[in-house]
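Visitor: Chains as they are written, first to last, in this note's numbering: chain A, 394 to 493; chain B, 4 to 673. We put the beta carbon where it would ideally sit given N, CA and C, even for glycine. This structure is in structure tokens; I'll ask about it shortly.
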């Protein structure tokens, strides 16, 4: 039996990777993937707790997150395509029309 | 007591006139404006005459309360009117002389701009002055007191386009503020210690106190503060400086406000407060000293003035000084007597001077007059009567009142008398100087007189004033002759009816009535033996003193005759030989300059350098600016967070989350 703390550490590492990627990457698709990574890092901790305490609610949460992530991916990718068509770039630093 | 005289109508009538002329006058013709003004001031005079006719049937003092005004606990002030012999005299003088001057003004101001404005102000003045004399409490009196100051300000600055007139108005107003400050503090003291400002209650309470002969106390303080107020309004040292400048106003205004009525408000107020002053001998002494000094001081300045109105202005200050001498020696009725006769002859002098100015086309400098005797005979004769009256030549009005004051002053102290007689000599001298310079000799002005200070240039030769101006002159001249006859002293075979008439007012609260309260052996103040009754000293002594004061008047006449009629070159030689002293007198002893250096300059410097540059700009503006600058600087620093870069926001969020996490871990491990 793998102890709970291992899952949590892995979950933390995944989340931290996601945060780091979100902050340092400029490519909007990479950032999008970093967000997915953060979500899945959290998902991992949810299922780990659910298994540990034999509680179903954690797994239900994960399904919710996955549904939301799927919807988000659909909307997000649509936005990315729209941005690319308008700006011909995927660099977020250059998507700055609203900045002063 | 049952009869209701509707006293409140007397002040309200001129107020209605003022309102009509003030609000609608612009659209009315000059005839309509003067009709309104004359109707309402005349109606007030008629009311006053009616009151006088009913007077003997009244139980005095006659009090009419119209409406409550202030009720605060025990303290209560009403809109109430107070009629006794004293206010009746004032009422008749104010409405009578005021009405005559209204008539005169119609002629004098006919060609002026702002005709309706002038009459509106004049009626407004009447309203406030009548409120002042009829009020049954100090607070209502104070309303009138401030109101006449306002009217005075408006009328002095009537030709406000002229800078000198505007600043003269301000000077009068501000100088009066200094006096009003004293008056107000006196009122506060009265409220605090007696809990009422109503005359009848107050004087009843004051009457229960014994005179402060041993040392100065509350009543002395109140008396002195009231005197500060009176000195402001009645142009006494040290607050007299506004009155000569007030001559910037139209001449009828000088006659009405700055000679006959308003400036006597201080005299009236002190006389009204006699119950307080009688119990504050030291305050009375101060009043007498101020009066004496003012009388002498102003008379000496008057000798060297060349502007006809300035001479009269200083003469007014000097005569007011006489009234304060009378008040100061507790001869209240003598002071009021002189107030009344002075209203007649000084009002006449100003109106006649206005007529002179009118006739020579706005010239006010006597050095450019002369020889007007035959050209404007009515003005000449009326002015002659007034000059003889003010000089104290019997049997004109000024003789009786001045003689009465001098005689009573002598009984108090021979110093007052000596200075008084000397001042009488000076008065006579400068008045006859004015008289000779204006009416005798040869005309020294230009034939075609241009527009002078008084915008009255007509461009044609010297001419007598219109009838509407001459009638008031003649009436006042008659009053200046006979006005004194109601107060012929016993030494001259009269019975001094005026004194007997006013006597009850001043005797009713005299300390003598409260002899029971005073310790036995304490000397009673002099008034209880002299007020209203003949002095014990024989008539022959009094006659001798009368002779001396008449002699002083004649001496002044003689000297003026010598210097300004027989030997017109002499005054110049004397002036040169006196050198700097003459210069000082001609420049009014540099009092204005001294005041400017001592009070005004520090005030302006303090205001501009300390308060404006230092506190307003330095502290207040700077603190506001610094607050704004600080906010901007902090924002400048903080706005860098708001980069618009999503990833930097994410960094902040991550950092925040990390901090929260760290905190939680730290709390958990503790």
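1. Name the chain B residues that come within less than 9 Å of residue 425 of chain A, Cβ to Cβ?
2. Provide the residue span of the alpha helix (DSSP H) that contains residue 571 of chain B, from first to last.
3. Would you verify that the beta carbon of residue 657 of chain B is, or is not, closer than 8 Å to some beta carbon of chain A?
4. With a threshold of 8 Å, are at least 3 pairs of Cβ atoms found where one atom belongs to the segment 414 to 424 of chain B and the other to the segment 344 to 354 of chain B?
5. Quick check: the segment 39 to 48 of chain B against the segment 12 to 28 of chain B, are at least 3 beta-carbon pairs closer than 8 Å?
6. Enumerate in chain order the residues of its own chain whose CB-to-CB distance from residue 57 of chain B is below 8 Å, with the five nearest sequence positions on each side excluded.
7. Mind reading off the beta-carbon distance from residue 89 of chain B to residue 54 of chain B? Whole number of angstroms is fine, and I expect it under 8 Å.
8. Is it right to say residue 665 of chain B is buried, meaning 16 or more other beta carbons lie within 10 angstroms of its own, or is it exposed?
9. On a CA-only basis, which of B/206, B/432, B/470, B/366 is nearest residue 396 of chain B? Give me that one, please.
10. Just by C-beta distance, which residues in the segment 396 to 416 of chain A are closer than 8 Å to chain B?
11. Among the candidates B/668, B/663, B/649, B/209, whose CA atom is the shortest distance from the CA of residue 484 of chain A?
12. If we ignore side chains and look at the alpha-carbon of each, how far apart do residue 484 of chain B and residue 478 of chain B end up?
13. Which residues of the segment 442 to 470 of chain A have a Cβ closer than 9 Å to any Cβ of chain B? Give them in chain order.
14. Please classify residue 420 of chain A as buried or exposed, where buried requires at least 16 neighbouring CB atoms within 10 angstroms.
15. Under three-state DSSP, which class holds residue 23 of chain B?
16. What does residue 653 of chain B reach in chain A if we use C-beta pairs closer than 8 Å?
17. Would you kindly work out how many angstroms separate the C-alpha atoms of residue 454 of chain A and residue 439 of chain A, rounded to a whole number?
18. Please list, in chain order, all residues of the same chain as residue 132 of chain B whose beta carbon is under 7 Å from its beta carbon, the five residues on each side excluded.
19. Report yes or no: do the segment 191 to 204 of chain B and the segment 137 to 146 of chain B share at least 3 C-beta pairs separated by less than 8 Å?
20. Can you look up residue 65 of chain B in the DSSP assignment and give me helix, strand or coil?
21. Would you call the segment 156 to 173 of chain B in contact with the segment 243 to 261 of chain B, where contact means no fewer than 3 C-beta pairs closer than 8 Å?
22. Evaluate residue 459 of chain B with the Cβ neighbour count: other Cβ atoms within 10 Å of its Cβ, from every protein chain shown; 16 or more gives buried, anything less gives exposed.
23. By the 10 Å Cβ neighbour count, where 16 or more other Cβ atoms means buried, how is residue 223 of chain B classified, buried or exposed?
24. Run the CB neighbour count on residue 490 of chain B, radius 10 Å, all protein chains shown included, and call it buried at 16 or more, exposed below.
25. Name the one or two DSSP bridge partners that residue 140 of chain B has.
26. State the CB to CB distance for the pair residue 77 of chain B and residue 220 of chain B, rounded to an integer number of angstroms; the pair is presumed to be in contact (CB under 8 Å).
27. When the cut-off is 8 Å and only beta carbons count, does residue 1 of chain B lie next to chain A?
28. For a test of the three-state rule: what should DSSP assign to residue 13 of chain B, helix, strand or coil?
29. My guess is that residue 298 of chain B and residue 325 of chain B are in contact by the Cβ rule of under 8 Å, so how many angstroms apart are they, rounded?
30. Can you confirm whether residue 435 of chain A, when its beta carbon is compared against all beta carbons of chain B, has any partner nearer than 8 Å?
31. Helix, strand or coil, according to DSSP, for residue 384 of chain B in the structure here?
32. Compare the C-beta of residue 485 of chain A with all C-beta atoms of chain B and state if any pair is closer than 8 Å.
33. Which residues mark the beginning and the end of the beta strand (DSSP E) in which residue 85 of chain B is found?
34. To the nearest angstrom, report how far apart residue 209 of chain B and residue 280 of chain B are at their CA atoms.
35. Check residue 73 of chain B in the structure and name its three-state DSSP category.
36. Kindly indicate which three-state DSSP category residue 484 of chain A falls into: helix, strand or coil?
Guide: Let me spell this out:
1. Here the premise fails: no neighbours, minimum Cβ distance about 12 Å.
2. From DSSP, residue 571 of chain B is part of no alpha helix (DSSP H); its letter is neither H nor E.
3. yes
4. no
5. yes
6. 6, 8
7. Actually they do not touch by this definition, with Cβ atoms about 13 Å apart.
8. exposed
9. B/432
10. 412, 415, 416
11. B/649
12. 10 Å
13. none
14. exposed
15. helix
16. 412, 415, 416
17. 7 Å
18. 97, 147, 151, 264, 265
19. yes
20. strand
21. yes
22. Summary for residue 459 of chain B: the model assigns pLDDT 46, below 50, so the residue's position carries little reliability; its value from the coordinates is reported in the next sentence. Classification of residue 459 of chain B: buried, given that the 10 Å Cβ count is 16 or more.
23. buried
24. buried
25. B/201
26. Not confirmed; about 23 Å, so no contact.
27. Chain B is shown only over 4 to 673; residue 1 of chain B falls outside these bounds and no answer can be derived.
28. helix
29. 5 Å
30. no
31. helix
32. yes
33. 78 to 86
34. 10 Å
35. strand
36. strand
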